[in-house]
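Trainee: Numbering (my numbering), first residue to last: 350 to 804.
Ideal Cβ positions, reconstructed from N, Cα and C, are used throughout, including at glycine.
One structure, as structure tokens, below. Some questions next.
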């Protein structure tokens, strides 16, 4: 029995029956009603189908209505079910890794993307895809097939016009037509630059450059991108590469972004200010921030920023905090990563924080203050806390250090004095790690603080 290779809708159906079960003949071929996987919550997460599920549907089209096709192809687990649309007759979807190479070779050599009927069917399915999850596709053959269909589609209408979310591996980011995935409809973007194996020389920079160009291609368009996450292998540097600077510049040009997470080798402090100035930005996480010579003399206001997470060298973080004013910031996490003996670094961070936030709004502060190896770099706890005393909305303070030389020293009298003068009427948790033997539990009890939540 043969079925038409076509992506056209099912025959006419009654209004409201768009999610009805497939025709009886198809149910007998599939051996079960696949739509139950989507619409029956008792059989697993709704809308989540396996590769095998979609492969069973890949060669049958008229059996499903347009609404059913949208549901089936909205969120494929990977791109591989789409490749099966171009599989020659009788080619089975591989179930084992050692069968994959032959499977891809047969699809590429068949060249069925050149056949109008096959191509219409692939485009008919691709137009419903809203999420491309290729974060774990490290096989170059996946990238080759994606390049093949993107090249065949050309630069006109996007192959994935409904695309909302992109999750890409570094292998996918190497193909020449990579930028064509970046339709203006994309709202969420995650790019990993963590290769499965050790990358070749400059391969990481080449991928980063491709991502920067792709993001740059969205400038001047009606881009809906609101969430971006780019992660490189953990490797701190003192200078940012040209590709990293280019990426930061292009991201700052997207004025609708609300959530940015960038984990790169080096992020110059001066480029942070162009990011925080994005008027819609709510969440920003950056690592690793380093100091440079172009830090502005005046403060930059971040009008909507509510959560800020900074990781990097002490000089870079201080430059960033001193140049920032975030009137609605509620949460700040700071992680100093370098071995430093900078005098009064703890109190300097606290002073910069106090001048960067609104005391009636800011409520969550945590700091991991480096791995200290210089005993004379100690600061009294009171000196660190005093700049934070005017912050009336503070609910929790968490300070920690990776150094055995930093016990956060303070006498009971000193600690009682700072707590007595601070305006922390809403304080719920005060956490200090490593715990200092110099802090008396009686002081916390005397302030009416819960010893179960205060350390």
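1. What would DSSP say about residue 430, mapped onto helix, strand or coil?
2. For the beta strand (DSSP E) containing residue 488, name the first residue and the last one.
3. So, are the CB atoms of residue 678 and residue 711 less than 8 Å apart?
4. Once DSSP output is grouped into helix, strand and coil, what is the label at residue 706?
5. Distance, Cα to Cα, residue 749 vs residue 531?
6. What's the call for residue 581, buried or exposed, on a 16-neighbour Cβ count within 10 Å?
7. Excluding the five sequence neighbours on either side, which residues of its own chain have a C-beta within less than 7 Å of the C-beta of residue 735, listed in chain order?
8. Buried or exposed for residue 506, going by 16 or more other Cβ atoms inside 10 Å?
9. With burial defined as no fewer than 16 other Cβ atoms inside 10 Å of the residue's Cβ, what is the status of residue 826: buried or exposed?
10. Helix, strand or coil for residue 465? Go by DSSP, reduced to three states.
11. By Cβ distance below 6 Å, which residues in the same chain neighbour residue 595 in space, the five residues on each side in sequence not counted?
12. Looking only at its chain, what residues have a beta carbon closer than 7 Å to the beta carbon of residue 627, apart from the 5 residues adjacent to it on each side?
13. Using a Cβ distance threshold of 8 Å, determine whether the segment 437-450 contacts the segment 413-423, with at least three qualifying pairs required.
14. At what residues does the beta strand (DSSP E) containing residue 665 begin and finish?
15. For residue 592, which residues of its own chain have a beta-carbon under 7 Å away from its beta-carbon, when the five flanking residues on both sides are left out?
16. Across which residues does DSSP place residue 608 in a beta bridge pair?
17. With the cut-off set at 8 Å, would you say residue 652 and residue 622 are in Cβ contact?
18. Output the distance between the C-alpha atoms of residue 694 and residue 746, rounded to the nearest integer angstrom.
19. My assumption, with CB atoms under 8 Å, is that residue 637 sits in contact with residue 614. Please give the rounded CB distance.
20. Can you pull the DSSP bridge partners for residue 515?
21. Mind checking who residue 763 pairs with in its DSSP beta bridge?
22. Checking contacts by CB at 8 Å: is residue 434 closer than that to chain B?
23. What is the DSSP secondary structure of residue 675, counted as helix, strand or coil?
24. Can you give the Cα-Cα distance for residue 667 and residue 548, rounded to whole angstroms?
25. Going by C-alpha to C-alpha distance, which of 634, 659, 484 sits closest to residue 522?
26. Would you give the residue range spanned by the alpha helix (DSSP H) that residue 561 belongs to?
27. Confirm, please, whether the CB-CB distance from residue 508 to residue 300 is below 8 Å.
28. Run the proximity test for residue 693: is its beta-carbon closer than 7 Å to any non-hydrogen atom belonging to the ligand SAH?
29. Put residue 779 into one of helix, strand or coil per three-state DSSP.
30. Is residue 520 helix, strand or coil by DSSP?
31. Considering only their Cβ atoms, is the gap separating residue 564 from residue 599 smaller than 8 Å?
32. Could you check which residue in 478, 495, 545 has the C-alpha nearest to that of residue 453?
Mentor: Inspection of the coordinates gives the following:
1. helix
2. From DSSP, residue 488 is part of no beta strand (DSSP E); its letter is neither H nor E.
3. yes
4. strand
5. 41 Å
6. buried
7. 767
8. exposed
9. Here the chain has residues from 350 to 804 only, and residue 826 is not among them.
10. helix
11. 561
12. 601, 604, 606
13. no
14. Segment 663-671 is the alpha helix (DSSP H) holding residue 665; no beta strand (DSSP E) there.
15. 554, 557, 558, 561
16. 576, 632
17. no
18. 17 Å
19. 7 Å
20. 481, 538
21. According to DSSP, which records beta bridges pairwise, residue 763 is partnered with nothing at all.
22. Here chain B cannot be found, since the structure has a single protein chain.
23. strand
24. 33 Å
25. 484
26. 552-565
27. The displayed coordinates of the chain run from 350 to 804. Any statement about residue 300 would go beyond what the structure contains.
28. With respect to the ligand SAH, the structure offers nothing, as it holds no ligand at all.
29. strand
30. coil
31. yes
32. 495
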